[in-house]
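Worksheet for the structure shown next.
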Amino acid sequence: MNRLLMQLTALGTAAGMALLCTHLHAAMRCAGGLIDEGDSMDQVMQQCGEPDQRETTPQYIEADGFPAEGSVNEEDWVYGPDNGMYRYLHFIDGKLVRLRSQRN
């Protein structure tokens, strides 16, 4: 019985930690300062400089020349490697919406 209680407690703690981590957001330090989700592309460029890689996915344009409903401009930027660390930034309509780091 004690073993089952310990396992359930451990499982509950792990689930709680996972849930807590989903609410945390990332920030990144650059030579010019700190950037965070919600920052504009211009702010990121001022703080971090030109990215090492950049890929743009423009809005989908209908045959009539207007953007499709719900269509957005997306950009993916990569900084690095910096001591083996890559930083991946994803922008939607000019705002930073996702930031992650990965060591390769």
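Counted the way mature numbering (1 follows the signal peptide of the UniProt record, and there is no 0) counts, the sequence shown spans residues -26 to -1, 1 to 78.
Backbone N, C-alpha and C fix where the C-beta goes; we use that ideal spot for every residue, glycine too.
Predicted model, so just to flag it, every value in this text is computed and none were measured.
message: Taking the straight line between their C-alpha atoms, what separation do you get for glutamate 43 and isoleucine 66?
response: 15 Å
- prompt: What number of angstroms, rounded off, separates the C-alpha of glycine 47 from the C-alpha of methionine 2?
  reply: Note that residue 47 corresponds to asparagine in the displayed sequence, not to glycine. Their backbone Cα atoms lie some 22 Å apart in a straight line.
message: Residues in the same chain with beta-carbon distance under 6 Å from aspartate 10, minus the five sequence neighbours each way, listed in chain order, please.
response: Ala1
query: So, are the CB atoms of glycine 6 and glutamine 27 less than 9 Å apart?
result: no
- prompt: leucine 46 by DSSP, collapsed to three states: which one?
  reply: Checking the sequence shown, residue 46 turns out to be valine, not leucine. Correct three-state label for valine 46: coil.
Endpoints, beta strand (DSSP E) assigned at glutamine 76: 69 to 77
Straight-line Cα distance separating tryptophan 51 from glutamine 76: 13 Å
query: Got a sec, what are the start and stop residues for the alpha helix (DSSP H) aspartate 16 sits in?
result: 15 to 22
task: In the DSSP assignment, find the unbroken beta strand (DSSP E) run with glycine 7 in it and report its ends.
output: 7 to 10
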